[in-house]
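Notes for the one structure printed next.
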Amino acid sequence: SEGVKQQIYEILGISDIIRGANTRASESATAQNLKGQWANVRLREDTSDVARLWKDVFRIMAEIMAEHFDPMQLQLMTGIEVTPEMVEIMRSDIGRSFAVDIETDSTIATDDEADRAETMELVTTINGYLEQTIPAVQSGALPVNFVTETLTFMVSKFKNGKQLEDVVAELQPHLEGLVNFQQQMQQMQEQMGQMQEGLMQKDQQLQQAGQQIEGMGKELQKFNERKEGREDAKTRSEIENTQSDNQRDGISTMADAKQKAADTDLKGAQADKVRSETEIGVLQAFTGNG
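The sequence shown: position 283 = 283 (the UniProt record's numbering), numbered continuously.
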């Protein structure tokens with residue numbers, strides 16, 4: 001049996017490592033993967049033939065369905081509404097050859113671990129690229145179409161990236177909207193800055209007006225104080241004048257009274273003198289007669 005297996009290995013290149021045999025526990029996973037890769041290189045021609053066979057089978061099936069199946073049958077089989085435009089493209093030899101694409105990878109057994117590693121590498125690459133380019137797009141240093149075309153080229157280099165090509169194509173209007181939004185935000189920030197500057201100028205003007213009003217209030221207070229001082233002085237002067245007038249009137253009244261009293265005394269003295277002179281004259285006359 002060993003000779004038969006050796007003959008099969010020499011003819012087909014099917015090694016024990018592919019069948020899971022002769023695996024040493026001391027060998028690393030990388031070493032096992034290298035053995036498997038070299039074995040797959042020898043089997044690549046055979047697997048390509050099988051993949052080509054199934055690709056041709058799928059194409060024949062697709063052509064039969066496109067040419068002979070009723071649109072309602074296709075709709076029931078796929079669950080997708082089949083429009084007349086779709087039927088026209090599928091039944092056109094040129095249109096069908098471009099519209100129907102059979103991926104040969106579907107006939108190849110995939111390595112789940114390698115597939116996950118490639119997927120993680122794709123996600124990391126996309127994230128790093130967008131982190132580097134989006135700020136440049138927002139600032140206007142890079143155009144949006146350059147970023148999306150470059151990202152499409154990068155994604156196409158990954159086996160699993162083909163599923164993201166349509167999504168990347170739809171990314172351009174979103175990036176353009178982001179750029180427009182960023183520009184609007186910048187304009188709003190500039191307007192806000194201008195409004196803040198205007199408010200600061202208004203505040204300064206209000207402060208200046210307040211200082212002017214405060215100065216005017218002080219001047220008005222000083223004026224009122226001077227006015228009150230003048231009024232107090234005028235009032236005191238009027239009071240003093242009134243007191244002087246009263247004093248003069250009193251003095252004049254007293255002088256009149258004294259003058260009247262003196263006149264009365266003078267008149268009394270004159271009357272007494274006349275009376276005395278009369279009495280003396282009477283006595284002299286009486287004495288001379290005696």
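Positions of the beta carbon are idealized from the N, C-alpha and C atoms, including for glycine. If you're wondering where the values come from, they're calculated on a predicted model, not measured in any experiment.
Throw me the rounded Cβ distance for the residue i and residue j pair, which I believe falls under 8 angstroms.
{"i": "THR119", "j": "ASN160", "result": "6 angstroms"}
{"i": "PHE158", "j": "LEU122", "result": "5 angstroms"}
{"i": "ARG44", "j": "GLU67", "result": "With 8 angstroms as the limit, ARG44 and GLU67 do not qualify as a contact, their Cβ atoms being about 34 angstroms apart."}
Roughly how many whole angstroms lie between the Cα atoms of residue i and residue j?
{"i": "THR278", "j": "ALA262", "result": "24 angstroms"}
{"i": "GLU219", "j": "GLY193", "result": "39 angstroms"}
{"i": "ASP70", "j": "GLY3", "result": "56 angstroms"}
{"i": "LEU74", "j": "GLU88", "result": "14 angstroms"}
{"i": "GLN183", "j": "TYR129", "result": "22 angstroms"}
{"i": "THR47", "j": "TRP54", "result": "11 angstroms"}
{"i": "THR150", "j": "MET200", "result": "47 angstroms"}
{"i": "GLU190", "j": "GLY79", "result": "53 angstroms"}
{"i": "THR124", "j": "GLU131", "result": "11 angstroms"}
{"i": "ILE60", "j": "MET86", "result": "18 angstroms"}
{"i": "MET185", "j": "ILE94", "result": "49 angstroms"}
{"i": "GLY215", "j": "ASN224", "result": "14 angstroms"}
{"i": "MET195", "j": "GLN221", "result": "38 angstroms"}
{"i": "GLN205", "j": "GLU228", "result": "34 angstroms"}
Below 8 angstroms between beta carbons: does that hold for residue i and residue j?
{"i": "LEU175", "j": "VAL137", "result": "yes"}
{"i": "THR148", "j": "LEU142", "result": "no"}
{"i": "VAL155", "j": "GLU170", "result": "no"}
DSSP three-state call for residue i: helix, strand or coil?
{"i": "LEU142", "result": "coil"}
{"i": "ASP272", "result": "helix"}
{"i": "MET65", "result": "helix"}
{"i": "ILE213", "result": "helix"}
{"i": "GLU88", "result": "helix"}
{"i": "LYS157", "result": "coil"}
{"i": "ILE80", "result": "coil"}
{"i": "GLU197", "result": "helix"}
Here's a check: name, in chain order, each residue in its chain whose Cβ is nearer than 7 angstroms to the Cβ of residue i, leaving out the five neighbours to either side.
{"i": "ASN145", "result": "GLN172"}
Please work out which residues of its chain come closer than 6 angstroms, Cβ to Cβ, to residue i, disregarding the five sequence neighbours upstream and downstream, and give them in chain order.
{"i": "GLY177", "result": "none"}
{"i": "THR107", "result": "For THR107, the pLDDT reaches just 48, beneath the cut-off of 50, and the residue's location in the model is therefore unreliable, leaving the point undetermined."}
Closer than 7 angstroms: is that where the CB of residue i sits relative to any heavy atom of the ligand ATP?
{"i": "SER92", "result": "Among the components modelled here there is no ligand, and therefore nothing to report on the ligand ATP."}
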